[in-house]
Each structure stands twice: as C-alpha cells, then as structure tokens.
Amino acid sequence: MTAWAKNFGKKASQDTLVDSFADRINAVILKQVPEIADDPVLVQDLHCSTRAEWREFVASLSEDHRLVRPGQGSDLARTLARRGLDLGILLKVYRVAQQSVFQFLTEVIDGAGEDAPARDEILVFLWGLGGQWMADAVESLIETYYEERQRLRDDAVIRRAETIEALLGDAPPSADDATRLLGHPLSHWQTAYVVRAPEAGSSTTEAMLDVANAVAQALGTSRPLTMVAGSRDLWCWVATPHEPDLAQLPGLASALQQAGMQAAIGRPGPGIQGFRASHAEARAAENLALKAAHGRALVRYDEEELLVLVSAQETLMRRMVAREVGQLCGADKNLALLRETVLAYLTTLNIETTAERLFVHKNTVRYRIARAEELLGHPLSQRSTQVELALRWVSLFGAPSDTP
1140 MTAWAKNFGK
1150 KASQDTLVDS
1160 FADRINAVIL
1170 KQVPEIADDP
1180 VLVQDLHCST
1190 RAEWREFVAS
1200 LSEDHRLVRP
1210 GQGSDLARTL
1220 ARRGLDLGIL
1230 LKVYRVAQQS
1240 VFQFLTEVID
1250 GAGEDAPARD
1260 EILVFLWGLG
1270 GQWMADAVES
1280 LIETYYEERQ
1290 RLRDDAVIRR
1300 AETIEALLGD
1310 APPSADDATR
1320 LLGHPLSHWQ
1330 TAYVVRAPEA
1340 GSSTTEAMLD
1350 VANAVAQALG
1360 TSRPLTMVAG
1370 SRDLWCWVAT
1380 PHEPDLAQLP
1390 GLASALQQAG
1400 MQAAIGRPGP
1410 GIQGFRASHA
1420 EARAAENLAL
1430 KAAHGRALVR
1440 YDEEELLVLV
1450 SAQETLMRRM
1460 VAREVGQLCG
1470 ADKNLALLRE
1480 TVLAYLTTLN
1490 IETTAERLFV
1500 HKNTVRYRIA
1510 RAEELLGHPL
1520 SQRSTQVELA
1530 LRWVSLFGAP
1540 SDTP
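Going left to right, the sequence shown walks through residues 1140 to 1543 as the numbering used here numbers them.
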C-alpha cells in the first residue's frame, strides 16, 4: 500500500488532476453556497484554497500521512472573517464538499490498475485518510477564522470598519460624524479604488498599502482611507478639495506591473454619495478585470463603464466584436498596433494627442488610422461608439475565436 500511495501521490499532484479535482469540487460548492458564488473575490479564494487543500492531501500520501496546513488553504477563512460573514458559511463549504470529495476518491479507487492493492484495502486507506483530512481542515480553519476575527477586534480597526460599512449601507451616518470617526473629510471629493494582490502572504497587506499610498499621491493627497476587505483586497478612498485628474494615473501602471498588483479606480464624486458611488464603480471595475484574459494593472471605471454594463451579455458582445472589428483582430503584431492606435484616437479624437500618448510620429498615427479604416470598410467617424467598445473588449478579453 505504501508504494501505491506514493505513486498515486505523485500523479495526483500534477496540475491536470489538481485542476480536475478543484473544478469539480468548486462547481458543487458554488452551486450551493451563493454567498461565495456571488462574490468574485471569494470565488478566487475558494479556487486557491481547494487546490492547496488537495495538494496538501496528496503530499501526505508520500510523507507518512502527515497533514500540514497550507497558507493558501486558510485564505478563504480569513477573507470570510474580514468580510464579517458568518462561520456557518465556511462550515457549509466543507459540508457541501465532503460528499463530492469522497465520490472523487471512490472514482480514483475504481480506476486503480490491476497491480494495485485490493479495492477494499485502498477504499479503507483513502477514505480513512480523507476523512481525517476533512476533519483536520475544518478544525484548523475554524481556528484561523476566530484568530482573524480576534485580530479585527482591535478598537481602532473595528470603529473604522464599522463606520465604512455604515457609509456603504442603507442608513449612512452624517458626514460630520463619519468624518470625525474616520479622520477623513467626507465633504470633499471622494475617489475610491480597490488594490488587489496576486496572492496572499505575510507581507501582502503591507505591499497593498504601499500601492494605495502611491495612488493617493498621484491623485494629489498624502494618504488614503483604507479597509482590508480580504486576503488579497484593500478598499481605499482619497479625499481632495477639488475633483482630481485621473489622467495622472496611467504613469502608475508600470510600477503596479512590477509589483504584481492591480488597482481598479472609480470615478470621483462629491460627499457621501461620491464615497458610495465611486466605491461601487471601483468594485465593478475590479470584477471586470478579474474576468479579463489579459491582466491589466490599472483599470478605470470611467474608461470601461460600457464594458461593465454589457459584460454580462458575453455571447452577444463577442458577436458584436467579430462584426465591428473582426478585420482588426488576429495575432499579427501590426494588427495589434492598429487596434492600439484606433482605440487611443477614439478616446482622444486628436491626432497629436494620440501620437504623444503612443510615442510615435503624427504621420504614423494617420497611416495606421487610414489602414484601419481600409480594413473596417468605413471611416472611424461612422459607428465610432461600437468600434471603441469592441476594441476595449478585445484589449481586456482577447479576440473572439471566430474572428479572422
């Protein structure tokens, strides 16, 4: 049995089988636990947690069956605690998953080769270890959940989180009261943004705060109001006496890429209404970025608002993209330059500004626009809204498979 277990552990740790297990178990969980299914951030934490748990389990098969809790496996518990969600949601995840896990293990047993130990012997072995694995996981994650809740009970953090949650809720406090509690002038213009890290770790929160401060400085203020909203999410707001210029932000994109971070920015708005609306827009931009095929370090809601509104109609949107800009799609590098130039031009409607933004000569812009119009079969002055929307879709999600 020991030799078979070690061999199976090596096979089961391969990415293909890890993905198969995670996709199957997560599909069941997301179907029955809407509190997670409705939140893209929690969905990503679930995927990371399930993969980490499976890798831990199969590693134990070749390490004298010692189970060691992985860091990523605890991220979901921490995020649930930070969101103020009930422990029952975490317990439901494992209760729902348990039957599917044992069904998966049974199929593994049924597929064992002729040189494997007897089926009943494998069954007792894997089910026994699997049951202990699930029990240990629940016990460990309950402890993680309560440790995180205890950490969040720090008075200053709790007051800030409760005030922010109240501002975002159905009965927000007065601007004067909230300003006093938060030390954040709510009578000013409010610009919200979400900073997201690629993975959780001991230094993740500190790294996200560095990014949050950099965005605040770009918008003309010294520090943001922040709230840790998950193992990889930081909610932020900056207050400025006047409406900030979001055109100052693109310079941060390269620094964000180097740090492996993402920032999603809402539109500025005055007062408490601006605080709430800008945050909703920042989260919508973040959710759009999470779906994107091409990771983008900086996403602004004001630039992607139409995509946010139509992203739920993916089939119709892909059909429109193929129809409107299909001739500009493809792997050819020159087509990519045409798409970039046309999108920049439709955003600015100015040849010189487009050339400055792309660091090319004005005549290069004119040539690319003329070539794009030739491929499209009409001038950019016609159907410009549809063309711009389609190109924004391609820049985030890639070209539909049925385009040339």
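Think of the CB as a built atom: it goes at the ideal place given N, C-alpha and C, for glycine as much as any other residue.
Residue i beta carbon near the ligand NAP (any heavy atom closer than 6 angstroms)
i: threonine 1503; result: In the structure on display, the ligand NAP does not appear, and there are no ligands present to speak of.
Proximity to residue i [Cα-Cα], best of the options
i: lysine 1145; options: Phe1160, Ala1198, Pro1173 and Asp1349; result: Ala1198
i: tyrosine 1233; options: Gly1405, Leu1265, Gln1356 and Ala1274; result: Ala1274
i: leucine 1446; options: Ser1341, Glu1425 and Ala1436; result: Glu1425
i: alanine 1367; options: Val1333, Asp1294 and Leu1530; result: Strictly speaking, residue 1367 in this sequence is valine, with alanine absent from that position. Of Val1333, Asp1294 and Leu1530, the residue nearest in Cα terms is Val1333.
i: threonine 1283; options: Trp1143, Arg1258 and Ala1220; result: Ala1220
i: aspartate 1309; options: Val1526, Val1354 and Gln1412; result: Gln1412
i: methionine 1400; options: Leu1358, Ala1351 and Val1377; result: Ala1351
i: leucine 1215; options: Trp1193, Val1180, Glu1195 and Gln1525; result: Val1180
i: leucine 1535; options: His1323, Met1456 and Leu1306; result: Met1456
i: leucine 1462; options: Leu1474, Pro1407 and Gln1525; result: Residue identity check: residue 1462 is arginine in the sequence provided, not leucine. Looking at the Cα atoms, Gln1525 is the closest of the given residues.
i: phenylalanine 1568; options: Ile1261, Glu1338 and Leu1268; result: Outside the shown range of the chain, which is 1140 to 1543, sits residue 1568, and nothing can be said about it.
i: valine 1235; options: Leu1519, Gln1171 and Ala1176; result: Gln1171
i: valine 1182; options: Phe1414, Asp1372 and Trp1272; result: Asp1372
i: alanine 1151; options: Leu1200, Pro1312 and Arg1496; result: Leu1200
i: alanine 1191; options: Ala1339, Pro1311, Trp1266 and Ser1313; result: Ala1339
DSSP bridge partner residues for residue i (one or two, in chain order)
i: glycine 1227; result: None; glycine 1227 has no bridge partner.
i: glycine 1408; result: Gln1329
i: arginine 1439; result: Ile1404
i: alanine 1378; result: Gln1329
i: leucine 1364; result: Trp1376
Inter-residue Cα distance where the pair is residue i and residue j
i: alanine 1416; j: tyrosine 1440; result: 11 angstroms
i: alanine 1431; j: glutamate 1287; result: 31 angstroms
i: glutamate 1513; j: leucine 1482; result: 16 angstroms
i: glutamine 1356; j: arginine 1362; result: 7 angstroms
i: leucine 1291; j: alanine 1346; result: 19 angstroms
i: lysine 1149; j: phenylalanine 1498; result: 51 angstroms
i: aspartate 1249; j: glutamine 1242; result: 11 angstroms
i: leucine 1229; j: aspartate 1158; result: 21 angstroms
i: histidine 1418; j: threonine 1365; result: 12 angstroms
i: glutamine 1396; j: alanine 1421; result: 19 angstroms
i: leucine 1530; j: cysteine 1468; result: 9 angstroms
i: lysine 1501; j: glutamate 1174; result: 52 angstroms
i: glutamate 1491; j: alanine 1398; result: 32 angstroms
i: aspartate 1316; j: valine 1438; result: 32 angstroms
i: glutamate 1443; j: alanine 1166; result: 29 angstroms
i: phenylalanine 1160; j: serine 1213; result: 18 angstroms
i: leucine 1391; j: arginine 1258; result: 58 angstroms
i: arginine 1458; j: glycine 1516; result: 18 angstroms
i: alanine 1386; j: leucine 1348; result: 22 angstroms
i: leucine 1358; j: alanine 1428; result: 21 angstroms
i: alanine 1538; j: tryptophan 1143; result: 45 angstroms
i: serine 1188; j: valine 1240; result: 14 angstroms
i: tryptophan 1272; j: arginine 1299; result: 38 angstroms
i: threonine 1360; j: valine 1464; result: 40 angstroms
i: leucine 1519; j: leucine 1306; result: 44 angstroms
i: threonine 1508; j: serine 1393; result: The residue you asked about is not threonine; residue 1508 is isoleucine in the sequence shown. If I take the Cα positions, the gap works out to 27 angstroms.
i: isoleucine 1164; j: leucine 1244; result: 12 angstroms
Expected contact under 8 angstroms - CB spacing of residue i and residue j to nearest Å
i: isoleucine 1168; j: leucine 1185; result: 7 angstroms
i: threonine 1486; j: isoleucine 1404; result: Wrong, their Cβ atoms sit about 16 angstroms apart, outside the cutoff.
i: leucine 1321; j: threonine 1302; result: 6 angstroms
i: serine 1450; j: threonine 1218; result: At roughly 23 angstroms, the Cβ-Cβ gap does not stay under 8 angstroms, so serine 1450 and threonine 1218 are not in contact.
i: valine 1460; j: valine 1377; result: 35 angstroms between Cβ atoms; not a contact.
Below-7 angstroms beta-carbon distance, residue i vs any chain C residue
i: serine 1313; result: Reference to chain C is not applicable here, since this structure consists of a single protein chain.
Which ranges would you report for the alpha helix (DSSP H) in the stretch 1264-1349 if only whole runs of at least 4 residues count?
1294-1307 and 1314-1321
With a floor of 4 residues, list each alpha helix (DSSP H) that falls wholly inside the stretch 1454-1494, ordered by position along the chain.
1472-1487
Enumerated in chain order, which unbroken segments of the alpha helix (DSSP H) with a length of 4 residues or greater are wholly contained in the stretch 1159-1223?
1173-1176, 1179-1199 and 1214-1221
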